[in-house]
Every structure is written in structure tokens, then in C-alpha cells.
Amino acid sequence: MIANRTFTMIKPDAVENGHIGGILDKITSAGFKIVAMKYTQLSTRDAEEFYAVHKERPFYGELVEFMSRGPIVAAILEKDNAVEDFRALIGATNPAEAAEGTIRKLYATSIGENAVHGSDSDENAAIEGAFHFAGREVF
Ligand code: GDP
Numbered sequence: 007m008i009a010n011r012t013f014t015m016i017k018p019d020a021v022e023n024g025h026i027g028g029i030l031d032k033i034t035s036a037g038f039k040i041v042a043m044k045y046t047q048l049s050t051r052d053a054e055e056f057y058a059v060h061k062e063r064p065f066y067g068e069l070v071e072f073m074s075r076g077p078i079v080a081a082i083l084e085k086d087n088a089v090e091d092f093r094a095l096i097g098a099t100n101p102a103e104a105a106e107g108t109i110r111k112l113y114a115t116s117i118g119e120n121a122v123h124g125s126d127s128d129e130n131a132a133i134e135g136a137f138h139f140a141g142r143e144v145f
């Protein structure tokens, strides 16, 4: 994947709370183009693998359980400076600390159930995108 792309998930809490449409509107209104998208659910093993980097963190078990408890929307997004600009659009990990107007400020409920994922580097965007999408599913 190239440097102007990032990977996102609308997490189970935001799907359960009916925020798919609102979040997609924020994303496209901010100038991101959707180049891949699917409605899917992570198995426990998928979530363990996706978040393996956090294996030693005290919240790992809770995170895996949360991320696999219901459907998500996974997508690859394209825009100049995609990774950094998307992190700005979603806001801080903890919604209580997220800036006004950010997706997490608007839609997240807690530091764990924080509505959206956004890749933290071009390298991870490529790895995470490939985790969810075959080449023929990316446009
Ligand atoms: P992000 O890059 O902003 O998503 O944050 P991190 O990479 O630090 O953490 C990954 C994800 O783990 C977050 O988006 C949260 O869903 C979850 N998480 C982070 N910190 C906590 C915590 O203290 N408790 C719980 N339950 N989950 C957390």
C-alpha cells in the first residue's frame, strides 16, 4: 500500500450505537476517498492477531473481547498525508481528551470502546489493510 493510504475500523460499539452513517460522513466530508470497505466480524483469533502488539498490556484481553463481540466496518482510505490527517480526525485514544469535532469526541464512550481505529504509521496501514483485504478488493 502506498503512503497516501490508511486503514480504519468502525468498532463494535459504534456499530451497535447506530453510528456507521455518521462516521462515514465525517470521513468522506474530510476528503478521504474509500478505496476498500467491508462489513465483517473479527473472530477471537483475528482480534488477538490484529492487536498482537498490545499483548503485554493489561487491557489486551478486554480489547480482544470487545473487538470480536460484534460486526465492524473495515476500510482503506486515501488522501494526501492520510495516516496523520486521519489520526487528527479521530482524536485522542481517550474520548475525554479528544478535541471537539473529532470522531471519538462525537461517538466514543470510553478509552476502550472508542468508536474507531486509525493506523499509526504508513507501515502499519499497509499491514492492517492487507490483514482485511485481498488485492482485488482494493480500488
Ligand atoms: P489508538 O492508536 O489511539 O487506537 O490507541 P492504542 O494503540 O494505544 O490502543 C489501541 C486500542 O486499545 C485503543 O484504541 C482502545 O480501543 C484500546 N485501549 C487503549 N487503552 C486502553 C485502556 O486503558 N483500557 C482498555 N480497556 N482499552 C484500551
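Going by this note's numbering, the letters in the sequence shown line up with residues 7 to 145, in that order.
Glycine included, C-beta positions come from ideal geometry on N, C-alpha and C.
Please read these numbers as outputs of a predicted model, since none were measured by experiment.
Report, in whole angstroms, the separation of the C-beta atoms of residue i and residue j, which I expect to be a contact under 8 Å.
i: Val-144; j: Val-41; result: 6 Å
i: Phe-92; j: Gly-124; result: 5 Å
i: Leu-112; j: Phe-38; result: That pair is no contact at about 16 Å.
i: Ala-96; j: Arg-110; result: It should be noted that the sequence gives Ile, not Ala, for residue 96. Between Arg-110 and Ile-96 the Cβ distance is about 5 Å, and since that is below 8 Å, they are a contact.
i: Phe-56; j: Gly-118; result: Actually they are not in contact, since the Cβ atoms of Phe-56 and Gly-118 sit about 15 Å apart, beyond 8 Å.
So for residue i, helix, strand or coil by DSSP?
i: Glu-22; result: helix
i: Ile-33; result: helix
i: Ile-109; result: helix
i: Gly-76; result: coil
i: Arg-142; result: helix
i: Ala-136; result: helix
i: Tyr-45; result: strand
i: Val-99; result: Correcting the residue type first, residue 99 is Thr in the shown sequence and not Val. Coil.
i: Ala-9; result: coil
i: Glu-4; result: Not covered by the structure: residue 4. The range shown for the chain is 7 to 145.
i: Ala-88; result: helix
i: Asp-126; result: coil
Do residue i and residue j have their C-beta atoms within less than 8 Å of each other?
i: Ala-88; j: Asn-10; result: yes
i: Val-21; j: Val-79; result: yes
i: Ala-58; j: Met-73; result: no
i: Ala-131; j: Phe-13; result: yes
Please name the residue in the options whose C-alpha comes closest to that of residue i.
i: Ala-81; options: Glu-106, Gly-107, Tyr-45, Lys-32; result: Tyr-45
i: Ala-114; options: Ser-127, Ala-98, Thr-14, Ser-35; result: Ala-98
i: Pro-101; options: Tyr-57, Gly-107, Ser-116, His-138; result: Ser-116
i: Arg-34; options: Lys-85, Gly-107, Lys-17; result: For clarity, residue 34 is Thr in the given sequence; the question names Arg instead. It is Lys-85.
i: Gln-47; options: Pro-18, Ile-133, Glu-106; result: Pro-18
i: Pro-108; options: Asp-126, Ala-36, Met-15; result: According to the sequence as given, residue 108 is Thr; it is not Pro. Closest by alpha carbon: Ala-36.
When you compare the CB of residue i with every CB in chain B, is at least one pair closer than 8 Å?
i: Ala-80; result: In summary, chain B is missing from the structure at hand, where a single protein chain is found.
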